[in-house]
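Residue numbers (the UniProt record's numbering): 1 to 1248. Cβ coordinates follow ideal geometry from the N, Cα and C atoms, glycine included. Since we're looking at a predicted model, the values are computed, not measured.
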């Protein structure tokens, strides 16, 4: 921090600073004149305050963010009668008021590139706009051919410009201004009333003029602001002019991860009120300790404007139920005596057991407030839908109406592919209905207050909302706002604008100060403001968790989550406000995360990042094809974060991505487990908060080899939170030992809901009742004879109706024909590569795994052996060198019988020094007419080894074309897992059949019109890919998971990787598919594969001298009982980030708290070296732990790490032990706090 910017505060002590900041808060932030109204006389606005005496409002003036704005208030509309208000309580109903006039529509528009080109007189009514074009309002001007769209994640969008700037200055080289003008006619019935104009969203700052006169100024792009324009109006036609700056000093507080746009992007409207009017009102519903009865507290602000009529006014309140039946009324008289006067009237009304509001049961009432003048005439009514509910923290748990809340949530930016920030009510309803259908119960308004329509709909459908202020400084985290007093008023203003507008929405349960904006006194003041303003809701701010009610993290690993449980003083409810990064083909590991989240009462779930892709629908001028454009498509190639804006569970046009199916399953509210299926018993757990399972119909079915053979229904009366065993009638079902059986169970809606029809399935589970037994060995009597010959390194095998060629140079199947037709169009070759997804790109997989990319194509047979079994089966054993960085070995056995069936059995041996293997498969191309796919395995949607919980095993059919999911940056796509069999055939049912073997693991497969190489080519959009003529088939033994912890370094979890150094094996069989073959029954007769591959069997087992001894295997003494071998003290894998950025989990090592001496006697053991990685374990990443690591050899210090933080990369120790008898390893505390000092000695070993 620079002294110049802080203006002397760096020399002050903390107490003095807090006192001064508190004074600023009190005088600037709690006053009625919060926005700095009347600061300026001129229409450009000069700040007479402390920061600058010469600059206009929009630049270098952080203390000025509004002029002549109305004080923030609840979203409301003035009606004339109680009935009108009762029938129109929502924001979208405002249009039905006689006191409302929309200004949406076409406006005259002009854009200049820089403030130096300012059209200084544009606001004058005489200004000629004949050459101006029109633009729709609301809209972002970049979507109408003006200016440049930009996308940056954390960097400010002007940082590419040549002239550098610092806050609170604004860009010098390029900063467009948009000029808007339009006319409207004054409503004749508005005479004698006060008239306001409301702008619900303008990005980023604007000046307002009416009839050539300056009205006011405002910043804060995402919260509505009103201006009183009464004195500027005239009868008949009036003209409004608005000047909008793309970037202002307020833009320093708007560094959100979003596509950067500009303009008037939300509604603009006029409304009128009487001179004495209901300016604002606050509703609080407080439940009693039993969460049964309620107090309705209503605080009404009755204010006056010049020209009011003094006297006794009456405020009337009426509450109506959902049938519009009046259930409560109340009133009070208030004496109104002066101009610009504010009177506060408080009501407290008792309600006996009202219907409660929750996500599951969003019961709403309508509150109507009416104001009568001294004559007893109703002069104004307003209304709001309200809900009775209570949010609190109790016993370290977030509670709603007395029940613990699990946040099954998503983050959501307001965005559509065709209109950018302009989101219609229909699209909002589509979003909410999709969320509800997929068991999502909460949404975070990342990272700004949303359109008012959104909150009404969340109230209506039932979605909990974390509302977030428009505050993010990610591009200057280490600088602003922190403790800087010049930013304090703006920080607090953005809190107030959020809270005052939406304070009566029952769906909002939590206020979030902002996102990724550093820490400091400004946030302490913001938290204090929120709690004092609204103690009925929780507070949230991830970077500074000590000032809020919740302990929130982002993208913490499972290990880091578990570490939170180690310490008894970690008592705040834990949530992840962002997790499961959904960029492209992602959301692996979600079930693993959720298992941990459900493992302890202090965990409360979290919010997936995020709901919808941010990308712009664009038409390619050459092909006419529609595609989604993203960063780099708008002339911003050198300064963009590319497709990092596309992290949604749905595409920008609201098409569902396959990940959402997984989310639905993981988030479901009914737990279904195997209690004792042999006796037909399943165990149910009702995870709903308020819903009895009797509201759903239970359904079950039994499948035999994928076909339903029996089904039924059941009912269960199970209270929220309860568990119960249920019987399924299985006694009459006879199980065939040669067949496979599953039981599928689901729960469906008994009645229509606002978000789904009757019969919609909300939860399901599948259990395997019985696997198929090992296949019977084939009887060679039923096998036709065949013959073979070897010619030019090709083994030619032929039978009565088929022919196959084995390539003895590369090891694949060169050709396969049956009945004179090619079954495969290209050789069936080994493949070890899958196209990278965005998570792979983020963790460096393209480079790290490159050794596998062409390894299959360049394979080389080094030995082979052919065996003829009774002229009916040919067995071919191959030893193949795979040309990886260090040569890998592939052992392949082919068994080809006279009936034309080919069995392939493969084992891969790769050195442990190689990176993980992307995929172990064989790849070929099929006739393009073979475009119909039918399979028995998981589906119907795309699924992967780490994302398959939501996809049941069954028989599915799909066209090859639909296997391709058009993620906006082409990547791996289309996989199906746990495959028993798959057939790829033409319309006559002719083609190829692939089966797994019952005694071996199931398969995966993929059919596309694109090769992995084409998908790896770096082409930016799906339409740019070169479509293959043939169908590309990959028969996959296993491929690594898609990952999803984050997209900037995390890999798939260990259990979802194909590790080098471990034997990878898979087996499958191929045969011609024709219309006479029943696919699954054909699988019953399998060739005998008991005999080992000859070359694999004789492979010499590498004998490595036992020259390594691990520290954790020796007897050690330690001075701190919080020490653990081979795992952390939180029972997690030992994990460190190495110097090269790679995150490694170690099987061996020691972890402990500081202060700790770990002593080992090595006298006479012959050790020559001690080697280890040291650092603070990744499970405490983000915690404020520090430690120092030292090593002593016979009392002499031989290593000192210096003080290390949790974010530091591990250091490598390599110590000579010649003559050493005792080694002492230390983990030392450096700051007086030991709880987060989880020191790890990873892979700690002695070498002989």
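DSSP three-state assignment for residue i, whether helix, strand or coil
{"i": "residue 466", "result": "strand"}
{"i": "residue 962", "result": "helix"}
{"i": "residue 525", "result": "helix"}
{"i": "residue 1250", "result": "One cannot answer for residue 1250 here, as it falls past the ends of the chain, which runs 1 to 1248."}
{"i": "residue 485", "result": "helix"}
{"i": "residue 1249", "result": "Outside the displayed range of the chain (1 to 1248) lies residue 1249, so it cannot be described from this structure."}
{"i": "residue 652", "result": "coil"}
{"i": "residue 532", "result": "helix"}
{"i": "residue 863", "result": "strand"}
{"i": "residue 73", "result": "coil"}
{"i": "residue 300", "result": "strand"}
{"i": "residue 490", "result": "helix"}
{"i": "residue 573", "result": "coil"}
{"i": "residue 875", "result": "strand"}
{"i": "residue 186", "result": "coil"}
{"i": "residue 233", "result": "coil"}
{"i": "residue 846", "result": "helix"}
{"i": "residue 604", "result": "strand"}
Cβ separation of residue i and residue j, assumed to be a contact under 8 Å, to the nearest whole Å
{"i": "residue 1003", "j": "residue 920", "result": "Contact doesn't hold; Cβ gap of about 11 Å is too wide."}
{"i": "residue 429", "j": "residue 74", "result": "Actually they are not in contact, since the Cβ atoms of residue 429 and residue 74 sit about 23 Å apart, beyond 8 Å."}
{"i": "residue 1152", "j": "residue 1123", "result": "4 Å"}
{"i": "residue 577", "j": "residue 552", "result": "5 Å"}
{"i": "residue 490", "j": "residue 253", "result": "6 Å"}
{"i": "residue 366", "j": "residue 320", "result": "5 Å"}
{"i": "residue 1247", "j": "residue 1192", "result": "Actually they do not touch by this definition, with Cβ atoms about 19 Å apart."}
{"i": "residue 825", "j": "residue 925", "result": "5 Å"}
{"i": "residue 414", "j": "residue 447", "result": "Wrong, their Cβ atoms sit about 11 Å apart, outside the cutoff."}
Bounding residues of the alpha helix (DSSP H) (the contiguous stretch that carries residue i)
{"i": "residue 1167", "result": "Note, residue 1167: premise wrong, no alpha helix (DSSP H); not H, not E."}
{"i": "residue 434", "result": "425-437"}
{"i": "residue 515", "result": "That residue, residue 515, is in no alpha helix (DSSP H); it is neither H nor E in DSSP."}
{"i": "residue 597", "result": "590-597"}
{"i": "residue 107", "result": "Where residue 107 is concerned, there is no enclosing alpha helix (DSSP H), although the beta strand (DSSP E) it sits in stretches over 105-112."}
{"i": "residue 455", "result": "452-461"}
{"i": "residue 566", "result": "Careful: residue 566 lies outside any alpha helix (DSSP H) and carries neither H nor E."}
{"i": "residue 663", "result": "659-666"}
Delimiting residues of the beta strand (DSSP E) encompassing residue i
{"i": "residue 1061", "result": "Where residue 1061 is concerned, there is no enclosing beta strand (DSSP E), given that its DSSP letter is neither H nor E."}
{"i": "residue 1034", "result": "1031-1039"}
{"i": "residue 136", "result": "133-137"}
{"i": "residue 761", "result": "761-770"}
{"i": "residue 815", "result": "813-818"}
{"i": "residue 1226", "result": "1222-1229"}
{"i": "residue 259", "result": "258-260"}
{"i": "residue 394", "result": "391-394"}
{"i": "residue 283", "result": "276-287"}
{"i": "residue 683", "result": "681-686"}
Proximity below 8 Å, CB of residue i to CB of residue j
{"i": "residue 1138", "j": "residue 1240", "result": "no"}
{"i": "residue 642", "j": "residue 624", "result": "no"}
{"i": "residue 386", "j": "residue 535", "result": "no"}
{"i": "residue 677", "j": "residue 743", "result": "yes"}
{"i": "residue 1178", "j": "residue 1203", "result": "no"}
{"i": "residue 583", "j": "residue 646", "result": "yes"}
{"i": "residue 141", "j": "residue 111", "result": "yes"}
{"i": "residue 686", "j": "residue 660", "result": "no"}
**Asked** What are the complete beta strand (DSSP E) segments, minimum 3 residues, inside the region 724-749?
**Response** Listed in chain order, the complete beta strand (DSSP E) runs (minimum 3 residues) inside the region 724-749 are 741-749.
**Runs of alpha helix (DSSP H) wholly within the region 305-379 (minimum 4 residues, chain order)** = As far as the region 305-379 is concerned, it has no whole alpha helix (DSSP H) run of at least 4 residues.
**Item:** Length-filtered (3 minimum) beta strand (DSSP E) runs lying within the region 985-1028
**Value:** Uninterrupted beta strand (DSSP E) stretches at least 3 residues long and entirely within the region 985-1028 occur at 991-995, 1003-1008, given in chain order.
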